[in-house]
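Protein chains in written order, with the numbering used here: chain A, 1 to 347; chain B, 1 to 347.
For every residue, glycine included, the Cβ atom is placed at its ideal position computed from N, Cα and C.
What follows is one structure encoded as structure tokens, with my remarks underneath.
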């Protein structure tokens, strides 16, 4: 074997290494750090090359590529969404991502992103709640207790000081799993028998269910004033979680309007339904929450810049070579024009 | 470390393994096999989900994602193009690719594609020449003797029986490198002092130069009748190699019209300049070469289906686990909803 040069070796963070990295940093610290990176990139929103994700749909799911660049680094994520997978013992969502140097075009990081996406999604929700939720919010209703639910809860604890979570899922087994995982984590957990029960006394209502269809997880008459809704389960065309009446009463905040009109809760609304992009709030250009009785709604679908922030964060953590393996992914002959000679010499 | 399940492990073909695979199969056999896969996929052109590549341009280069799907498999290639890299000791083009199962969304192959792209580009050119070049063509002018030149020559030998190649490059060192690499490979090599010298007696004229600008490698009065031009160096906006007058006299064949009008030689021509898509010739819907005096021109820019064919071919070669390493890239908890529990248990 001919040893490839350093330029040809791409640092790779496996699932195992990602788990070790999370535990090395501490999950709450990592959620706070990720939220800072995501917030910093929203703050410089206008420096990004933005495009809606490139989706390939089939009858059973979707495979997407989510690229973006800030002119210095280029990142993309591969992610699938297959709701039927769970019943077959597979993940609904799996993902990996890559960061590259715009100046050379050479990849500089390849990483698993199934775990990282769960972390960045939760960090983003909590960072947005910091800007929009009622001051001193301590209780969250968590409706939908699947793979994202514990991450959402811990991020809200780490970033805005959440103390109580009220769990509801149509599958009580999912709620029990979530409660079990959260035991001893410093959040008081209540198992609830209905969505109505779950939202009792909650200042933050998080919906994260997985059906690939239009559903009404929250009906209009369930939602009182002075709450923040964190709606993150509706994230593709034909999949929503909220009654349209709630959207009419709420001030709606989105990541990237062009994408959210296709994929978010607001796909139920007319094309000119008013929304505020969350970067405008973060950059101080538009107000977030303006009064106690307001209903704020984060119509979160996940955007490429959040993955870019997460990739940037991981790159900064593994710079010294820890928690990654060198991957011989790029051919790098001594003379760049002599690719064939490199191949022949390997014989 | 918790051992990931098989579903979580993605077979990875490194550069080293790709080189070993090429030598194990034999480069000429592999070029012929790749040409068969590429041709078979062009033959079922209408079954592919096609989109122009997703490009991120900067002042110094471009990073592209090239996705496609046939409804059963999904493939994409990451590829950069940085002409200035050569002067800095880096490859102009590096690439890797991924194949996934549309039904589950799970990746099934990750592979280096710098070498594989060189092989599939040459295989495609030679497969197209089989359909378009004058019968019994034995001599090729190879103008531009960079990383692609030896692959082009060997593919033409393996697929249409080329016997002679006439090399020309503005850098005589590049020609010497190419001649050296081709010695003993069964093709008679002639070093030429000018493009005019190189095309003397050649039935196939291949242009593959790397400048990122409009250039005139072949002028109108240099090209006689009864030749096939294989123009593969012009592959991005603002980069062409042929005088427009040649295009007017030739019958032009392309991969995917929508993409070639942006990137190919025909970007010099009006939007309604007539072209034939090569799949139409392969599927027997349109004629290829119709008479001896005709000038046929393959305006090749590289298309996603060719990478898909190459990925499919590699997957079929490594099915038994040879020539690849298992990559722990996908999180795969026992209970798909229990991603957090998997993370906690890894502590």
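For residue i, is the classification buried or exposed, using 16 other Cβ atoms within 10 angstroms of its Cβ as the cut-off for buried?
i	result
residue 110 of chain A	buried
residue 239 of chain B	buried
residue 131 of chain B	buried
residue 94 of chain A	buried
residue 326 of chain A	exposed
residue 91 of chain A	buried
residue 339 of chain A	buried
residue 157 of chain A	buried
residue 213 of chain A	exposed
residue 43 of chain A	exposed
residue 322 of chain B	exposed
residue 1 of chain A	Note on residue 1 of chain A: pLDDT 40, under 50, position unreliable in the model; no value is reported.
residue 6 of chain A	exposed
residue 259 of chain A	buried
residue 26 of chain A	exposed
Taking 7 Å as the CB-CB cut-off, is residue i touching chain B?
i	result
residue 336 of chain A	yes
residue 108 of chain A	no
residue 209 of chain A	no
residue 340 of chain A	yes
residue 263 of chain A	no
residue 146 of chain A	yes
residue 19 of chain A	yes
residue 69 of chain A	yes
residue 118 of chain A	yes
residue 325 of chain A	no
residue 181 of chain A	yes
residue 1 of chain A	Note that residue 1 of chain A has pLDDT 40, beneath the 50 cutoff, so the model's placement of it is unreliable and no number is given.
residue 255 of chain A	no
residue 174 of chain A	yes
Output yes if chain A places a C-beta closer than 7 Å to the C-beta of residue i; else output no.
i	result
residue 198 of chain B	no
residue 56 of chain B	yes
residue 63 of chain B	yes
residue 114 of chain B	yes
residue 362 of chain B	Nothing about residue 362 of chain B can be reported from this structure: the residues present for chain B run from 1 to 347 only.
residue 77 of chain B	no
residue 82 of chain B	yes
residue 177 of chain B	yes
residue 101 of chain B	no
residue 421 of chain B	The displayed coordinates of chain B run from 1 to 347. Any statement about residue 421 of chain B would go beyond what the structure contains.
residue 74 of chain B	yes
residue 241 of chain B	no
residue 352 of chain B	Residue 352 of chain B lies beyond the residue range present for chain B, which begins at 1 and ends at 347; the question has no answer from this structure.
List, in chain order, every chain A residue whose beta-carbon is nearer than 7 Å to that of residue i.
i	result
residue 140 of chain B	Within chain A, no residue comes near residue 140 of chain B; the closest Cβ sits about 16 Å away, beyond 7 Å.
residue 49 of chain B	56
In chain B, what lies closer than 7 Å to residue i by C-beta?
i	result
residue 22 of chain A	343
residue 347 of chain A	23
residue 7 of chain A	90
Could you check which residue in the options has the C-alpha nearest to that of residue i?
i	options	result
residue 315 of chain A	A/214, A/234, A/76 and A/108	A/108
residue 334 of chain A	B/10, B/18, B/138 and B/89	B/89
residue 11 of chain B	B/106, B/81, B/23 and B/57	B/106
residue 47 of chain B	B/328, B/319, B/308 and B/274	B/308
residue 171 of chain A	A/146, A/76 and A/237	A/146
residue 265 of chain B	B/194, B/328 and B/248	B/248
residue 347 of chain A	B/167, B/296 and B/20	B/20
residue 134 of chain B	B/244, B/231, B/227 and B/101	B/227
residue 303 of chain A	A/39, A/297, A/29 and A/18	A/39
residue 120 of chain B	B/78, B/141, B/104 and B/152	B/152
residue 232 of chain A	A/342, A/97 and A/142	A/142
residue 140 of chain A	A/103, A/195, A/236 and A/97	A/195
residue 318 of chain B	B/77, B/61, B/99 and B/104	B/99
Is residue i near the ligand FAD, judged by its Cβ being under 6 Å from some heavy atom?
i	result
residue 96 of chain A	Absence of the ligand FAD is noted for the structure shown, with no ligands found whatsoever.
Would you mind telling me which residues of chain A sit closer than 8 Å to residue i, beta carbon to beta carbon, in chain order?
i	result
residue 85 of chain B	104, 105 and 336
residue 92 of chain B	336
Under 9 Å between beta-carbons, which chain A residues line up against residue i? List them in chain order, please.
i	result
residue 96 of chain B	10, 98, 107, 110, 329 and 330
residue 60 of chain B	102, 103, 104 and 105
What residues match up with residue i in a beta bridge as DSSP calls it?
i	result
residue 76 of chain A	A/67 and A/98
residue 228 of chain A	A/204 and A/296
residue 328 of chain A	A/9
residue 168 of chain A	A/143
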